[in-house]
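Chains as they are written, first to last, in the working numbering: chain A, 632 to 975; chain B, 198 to 519.
No residue lacks a Cβ here, since even glycine has one placed at the ideal position from N, Cα and C.
Remember, it's a predicted structure, so these values are computed and weren't measured experimentally.
Reviewing the structure listed below.
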């Protein structure tokens with residue numbers, strides 16, 4: 632195992648894309664971990680006068696940054712046009728109201744100015760804050776989902792491959808039935824069967840379970856194949872000849888030999904889960920407003936008119952893109968590390 | 198009563214068209230404290246015989262008939278849990294390839310403790326001490342530290358010692374050693390043979406030693422059974438078999454290795470190759486390669502001719518040796 636980790640390190644040192652991707656993932660997950668502190672506002676802190684406010688322009692007083700409050704007029708298509716009120720300065724500072732940075736409250740000089748680094752949404756909520764809050768869901772759902780489906784796959788595939796015969800036949804037919812149904816339709820069907828007005832935590836858990844339910848079958852078939860070959864290895868036959876009971880042979884002498892492969896497979900399937908959650912949420916079947924995820928943030932960017940008027944609403948897609956790309960690159964590097972022929 | 202009494206044991210593997218016989222009605226016995234050398238070329242059914250003795254042949258793909266009696270208990274027809282009470286505790290096995298027969302992901306100590314815990318009611322400190330004492334018994338220096346080592350940190354000879362410790366940890370009545378020295382170089386081979394002999398004496402167990410190396414047979418076996426194409430063609434006390442073989446096949450084997458039966462100082466090879474299971478010739482299976490073959494050999498399979506403690510299945514046995 633240590634050899635694998637060394638090999639992974641070596642591959643990272645040669646493969647710049649993969650090491651950049653690993654760095655990107657670490658950054659994204661750190662951002663998600665400290666999201667409430669790093670974001671200037673709470674994700675559901677709304678301000679109707681700032682609907683679709685453009686990203687704030689930051690000015691400097693020497694080195695002290697400030698923003699102007701904004702007010703709006705309407706253009707001929709009834710769209711708001713924001714204008715800076717240059718008479719008033721609202722200074723920015725660190726550690727404001729429990730957040731890392733934000734507009735400083737000055738009791739002598741109250742201001743309506745708000746800081747929108749990445750613009751605001753239709754209800755005047757800060758997109759950056761919502762992005763960071765949403766990353767907690769979008770980035771964890773893949774990892775949790777993959778973990779659960781890998782465990783199911785280990786159990787089902789392991790038993791099928793090890794027991795063989797009728798047990799194997801029945802389990803593999805069940806896998807095929809699950810795999811037969813196109814994933815996204817199954818996803819929508821399962822979600823539609825559940826109430827939409829659940830508590831957000833329950834929705835999160837149910838989405839994870841649904842994703843895992845779809846993901847385990849393919850993996851289980853691969854695990855079964857691996858187990859079929861591993862159980863014929865000399866050390867497994869030797870363990871049987873020494874009287875080790877079957878369950879122990881499966882859990883100690885067979886399944887641990889699939890872990891390397893599963894680690895790679897799991898890493899490479901995380902992007903699929905992230906995208907699937909986003910897809911569900913985009914269609915309104917996943918995480919519901921006011922809860923955020925990258926998918927449901929993109930709901931506001933579903934028409935070309937919206938994108939033209941508020942291009943910043945596409946930013947969650949960019950985060951999604953980088954997260955998925957990074958997981959794929961890291962997964963590829965892991966796969967190379969585990970591939971005995973991967974020396975070219 | 199013999200420790201192990203095998204009667205008319207046959208084994209065949211199912212395939213798409215039917216079944217291919219690999220072991221054909223062999224009989225032999227092993228006494229406590231005795232070593233039987235099972236000799237033959239590759240593909241003659243030695244290893245399948247060994248696996249049948251431990252019930253390791255896959256039930257769905259193989260058919261085993263005949264009788265295997267261990268201290269009077271019939272083993273054929275046992276179910277999974279029944280076999281598990283036999284394996285390791287009453288019959289244990291040492292495998293051919295020490296490089297692949299240990300789990301590479303677990304330390305030597307963990308593997309040894311796993312087997313010890315199956316057979317003895319030990320845990321914690323006592324289990325660990327027992328594991329270390331077994332490593333010491335098979336001659337591994339610094340045993341308590343070596344328990345922490347992984348198989349890849351051991352040489353082939355040391356791994357084979359560990360495998361022997363694993364096999365003997367259940368204090369079996371019978372040890373089946375399937376070519377345990379084939380993968381090792383000659384000096385290590387000698388050490389392993391010596392070790393097996395010593396431990397056999399200590400534990401008073403019977404041993405079946407499977408090999409194709411007649412030199413090894415001479416060193417370790419009390420009796421020898423020679424297999425050819427799924428049958429035992431000759432058996433008896435090893436000193437007699439090796440000095441005056443009666444079956445032409447045994448004779449041919451001995452003439453092909455240095456040090457046994459010099460004929461003008463030259464080694465002679467047996468012409469042809471071993472027929473594969475399913476393609477066995479009629480009559481005596483050795484007749485196409487036999488220079489003593491007569492007409493009856495092509496039609497009639499020779500019956501085992503029991504003469505005192507020697508058995509030979511041949512129509513034209515070699516009677517007198519120079």
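Asked                                                                                                                                   : Found
Beta-carbon proximity check, residue 403 of chain B vs residue 200 of chain B, cutoff 7 Å                                               : yes
Bounding residues of the alpha helix (DSSP H) (the contiguous stretch that carries residue 365 of chain B)                              : 353-365
Beta carbon proximity, residue 351 of chain B to chain A, threshold 7 Å                                                                 : no
Neighbour flag for residue 891 of chain A against chain B, beta carbons, 7 Å                                                            : no
Alpha helix (DSSP H) runs wholly inside the region 218-304 of chain B, at least 4 long, in chain order                                  : 243-250 and 277-283
Burial state of residue 973 of chain A (16 or more Cβ within 10 Å)                                                                      : Low per-residue confidence applies at residue 973 of chain A: pLDDT is 46, beneath 50, and the placement is therefore not dependable enough to give any value.
Neighbour list for residue 875 of chain A in chain B, Cβ cutoff strictly below 9 Å                                                      : 281, 284, 285, 311, 312 and 315
Pairwise C-alpha distance: residue 234 of chain B and residue 414 of chain B                                                            : 6 Å
Selection of the region 360-377 of chain B by Cβ proximity to chain A, strictly under 9 Å                                               : 360, 363, 364, 366, 367 and 373
Endpoints, beta strand (DSSP E) assigned at residue 695 of chain A                                                                      : 695-698
Collapsed DSSP secondary structure at residue 488 of chain B in the structure displayed                                                 : coil
Proximity test, Cβ basis, 7 Å: residue 251 of chain B and chain A                                                                       : yes
N- and C-terminal bounds of the beta strand (DSSP E) containing residue 523 of chain B                                                  : Because chain B spans 198 through 519 in this model, residue 523 of chain B falls outside it and cannot be assessed.
Chain B contacts from the region 857-883 of chain A (Cβ-Cβ distance under 9 Å)                                                          : 864, 865, 866, 867, 868, 869, 870, 871, 872, 873, 874, 875, 876, 877, 879 and 883
Stretch pair the region 330-346 of chain B + the region 254-261 of chain B: three plus CB contacts closer than 8 Å                      : no
Below-7 Å beta-carbon distance, residue 300 of chain B vs any chain A residue                                                           : yes
Residue 428 of chain B - partner residues in DSSP beta bridges                                                                          : B:425
Neighbourhood of residue 392 of chain B by C-beta distance below 8 Å, restricted to the same chain and skipping five residues each side : 335, 336, 358 and 361
C-alpha distance - residue 211 of chain B paired with residue 792 of chain A, whole-angstrom precision                                  : 20 Å
Check whether residue 928 of chain A and residue 947 of chain A have beta carbons under 7 Å apart                                       : yes
Closest Cα partner of residue 777 of chain A within the set A:678, A:753, A:840 and A:703                                               : A:840
Chain B residues whose Cβ lies nearer than 7 Å to that of residue 796 of chain A                                                        : 257
6 Å CB neighbourhood of residue 858 of chain A in its chain, flanking five on each side removed                                         : 789, 792, 793 and 885
Anticipated Cβ contact below 8 Å, residue 208 of chain B with residue 245 of chain B, distance rounded                                  : 5 Å
Residue span of the alpha helix (DSSP H) that contains residue 806 of chain A, given as start and end                                   : 796-811
Delimiting residues of the alpha helix (DSSP H) encompassing residue 713 of chain A                                                     : No alpha helix (DSSP H) holds residue 713 of chain A; the beta strand (DSSP E) holding it covers 711-715.
Burial state of residue 967 of chain A (16 or more Cβ within 10 Å)                                                                      : buried
Buried versus exposed call for residue 975 of chain A [16 or more other C-beta atoms within 10 Å across all chains shown]               : Residue placement at residue 975 of chain A is flagged as unreliable, the pLDDT there being 39, under the threshold of 50; a coordinate-derived value is accordingly withheld.
Of the listed residues B:370, B:456, B:355 and B:310, nearest to residue 378 of chain B (C-alpha basis)                                 : B:355
Neighbour list for residue 294 of chain B in chain A, Cβ cutoff strictly below 9 Å                                                      : 865
Members of the region 400-428 of chain B near chain A, C-beta cut-off 8 Å                                                               : none
Three CB pairs or more closer than 8 Å across the region 223-234 of chain B and the region 281-301 of chain B                           : no
Touch test, the region 421-435 of chain B against the region 216-224 of chain B, Cβ-Cβ under 8 Å, three pairs minimum                   : yes
Pick from B:298, B:516, B:376 and B:282 that is closest to residue 866 of chain A, judged by C-alpha positions                          : B:298
3-residue-minimum beta strand (DSSP E) runs that sit fully inside the region 321-352 of chain B, ordered along the chain                : none
For residue 772 of chain A and residue 905 of chain A, believed in contact at Cβ under 8 Å, the rounded distance                        : 7 Å
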